[in-house]
Ligand code: NAD
Ligand code: TYD
C-alpha cells in the first residue's frame, strides 16, 4: 500500500479518489483534520476496504512509526500542510509546525522505517514530497518561467515554510540516502477546493450575491492547473521519477486574477443566470492588496514532459467549466463547509482513531 498524508484536503482527497479509481493498491490516509481537512471529500469511499483513514499528525513520530511498521507502505506521499498564504500572514506558527517541523519528523520516521526494510523493499521505497511553485518567489513580466534549478526565493510565511520543507527533503536524500522525489506545482483548481482560495471563493460568493474580492489591481499572474492533472503528474513521478530529482508541474496557463474572475462570472451567467438579469461581474469589488503579494508565477513544465511523458489533459477552458459545474452540483458540500457542519459530520460518521 501507499501512505498519503493530508489526504482529506483538497489535492490529497482528489489524489486518493483518483488513485483508487485506477488501482486496487490500498491507501493509508493520515490526516490531522484541520479546518482544511474534510472527510466528506472521501464519502464515496465509505465501506471501501482499500481506504484506511487515520486521524493524526505527521509530527507525531511515535504514531507514524507504529503506522509504518503495521502497514508496511512502499511509499509515503506527503500532501499534509498548512496551505493558505493569507492565513500564514495572520498566523505563521502553524505553518512552521506542520510544514517544517512536521515534515522533518515525517522524514525521520520514514528514514527509520526505510532503513529497516530488506534490500528489495528498500530499493523500491519512495518518499514523494508535494510542494509548490511559490517557493521560487515572484517573476517580472518578461522573465522566463521557473525551471527546477531556479533559486528558492520565498516571500510569504507559507512559501518560506514550504521552501524549508523542500530543503529538508533534499538534505535527507543527500545525507541519509532516503529515496526522495519532489514536485513543485502551480495553482490548482477543481472539486473539493476550500472556498478560502480564489476560484471557489468567487463561485461561492457569486452565487450568494456577495462581493467578489479582487486584491490590489487584479493583475497578479498565476499558472493554473486542473487538480486531476496534478494528481496524474504525481502518480507518474512516483512511478518513474528519478530519485533525488525535482519535477515542476504546471498547466502552461498563465492568467491574471481578474481574467480568472471574469471567466468564472461568465460561466455562471451561462449556467446559472441571475433572476434579475444582471451579470455576476457587477459583484466584483477591488479590495486592499495582500502584503508582500507575489506578482507573477509561471512554471516551465518541460522536464516532466521530456523525461516522464506527462502533459495536462485539461485545458483551462475545459477544467474551469468542470469546476463551476461541480460547485453548482454540490451545494450541500459548500453549505457544510461554510457552516462548519462537515466537522460535526466527521464526529457522527466516525468514532475512534482508525476508520476504514
Ligand atoms: P489543503 O489545505 O486543502 O489540505 C491540507 C490537508 O493537510 C488537510 O486535510 C489538513 O487537515 C492536513 N494537515 C494539515 N496539517 C497536518 C498535519 N500536521 N498532519 C496531518 N495532516 C495535516 O491543501 P491542498 O491545497 O490540498 O495542498 C496539498 C499540498 O499541495 C500542500 O503541501 C500544498 O503546499 C501543496 N500544493 C498546493 C497547491 C494548491 O494550489 N492548492 C499547489 C501546489 C502545491
Ligand atoms: P490563492 O487562491 O490564495 O492562491 P495563492 O496565493 O497561493 O496563489 O490566490 C490566488 C490569487 O488570487 C492570488 O494572487 C491572490 C488572489 N486573491 C484575490 O484577488 N482575492 C481573494 O479573495 C483571494 C483569496 C485571492
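Numbering (my numbering), first residue to last: 609 to 964. Here a beta-carbon is modelled for each residue, glycine too, at the ideal position from N, C-alpha and C. Note that this is a predicted model, so its numbers are computed, not measured.
Buried or exposed by the 16-neighbour rule on C-beta atoms within 10 Å, applied to residue i
i, result
"residue 690", "buried"
"residue 698", "exposed"
"residue 959", "The predicted model places residue 959 with a pLDDT of 47, which falls under 50 and marks its position as unreliable, so this point remains unresolved."
"residue 771", "buried"
"residue 782", "exposed"
"residue 676", "buried"
"residue 630", "exposed"
"residue 884", "exposed"
"residue 750", "exposed"
"residue 964", "Residue confidence for residue 964 is low, a pLDDT of 34 falling below 50, so the modelled location carries little weight; the figure read from the coordinates is stated next. It is exposed - the Cβ of residue 964 has fewer than 16 other Cβ atoms within 10 Å."
"residue 768", "buried"
"residue 613", "buried"
"residue 840", "buried"
Integer-rounded CB distance, given that residue j should sit under 8 Å from residue i
i, j, result
"residue 857", "residue 912", "6 Å"
"residue 793", "residue 846", "Wrong, their Cβ atoms sit about 14 Å apart, outside the cutoff."
"residue 928", "residue 871", "6 Å"
"residue 737", "residue 777", "4 Å"
"residue 897", "residue 817", "Their Cβ separation, rounded to whole angstroms, is 25 Å, which puts residue 897 and residue 817 out of contact at 8 Å."
"residue 732", "residue 695", "Wrong, their Cβ atoms sit about 37 Å apart, outside the cutoff."
"residue 887", "residue 902", "In fact, because the Cβ distance is near 30 Å, the residues do not count as touching under 8 Å."
"residue 645", "residue 705", "Not really, about 15 Å apart at Cβ, beyond 8 Å."
"residue 626", "residue 919", "Not really, about 16 Å apart at Cβ, beyond 8 Å."
Same chain only: Cβ atoms within 6 Å of residue i, ignoring 5 sequence neighbours per side
i, result
"residue 951", "none"
"residue 808", "801"
"residue 803", "809 and 812"
"residue 827", "864"
"residue 640", "665"
"residue 702", "690"
Residue span of the alpha helix (DSSP H) that contains residue i, given as start and end
i, result
"residue 932", "924-937"
"residue 711", "711-723"
"residue 841", "835-848"
Minimum Cβ-Cβ distance from residue i to chain B less than 8 Å
i, result
"residue 736", "Here chain B cannot be found, since the structure has a single protein chain."
Extent of the continuous beta strand (DSSP E) to which residue i belongs
i, result
"residue 691", "Segment: none, residue 691 is in no beta strand (DSSP E) and carries neither H nor E."
"residue 659", "659-663"
"residue 775", "Careful: residue 775 lies outside any beta strand (DSSP E), inside the alpha helix (DSSP H) at 765-784."
"residue 790", "788-793"
Cβ-based neighbour list, residue i, same chain, cut-off 7 Å, excluding 5 preceding and 5 following
i, result
"residue 648", "941, 944, 950 and 953"
"residue 934", "799"
"residue 700", "765"
Nonlocal neighbours in the same chain, by C-beta distance under 8 Å from residue i, ignoring five residues either side
i, result
"residue 669", "713, 716 and 717"
"residue 775", "760"
"residue 822", "865, 866, 869, 892, 893, 894 and 895"
"residue 725", "733"
"residue 899", "697"
"residue 946", "803 and 812"
Query - At least 3 beta-carbon pairs within less than 8 Å: the region 626-634 vs the region 650-668 - result: yes
Requested in this report: Please confirm if the region 750-764 is in contact with the region 904-918, defined as three or more CB-CB distances below 8 Å between the two stretches.
Outcome: At 8 Å Cβ cutoff, the stretches touch.
Query raised in the report: Does the pairing of the region 776-796 with the region 729-748 give three or more beta-carbon distances under 8 Å?
Result: With the cut-off at 8 Å, the region 776-796 and the region 729-748 touch.
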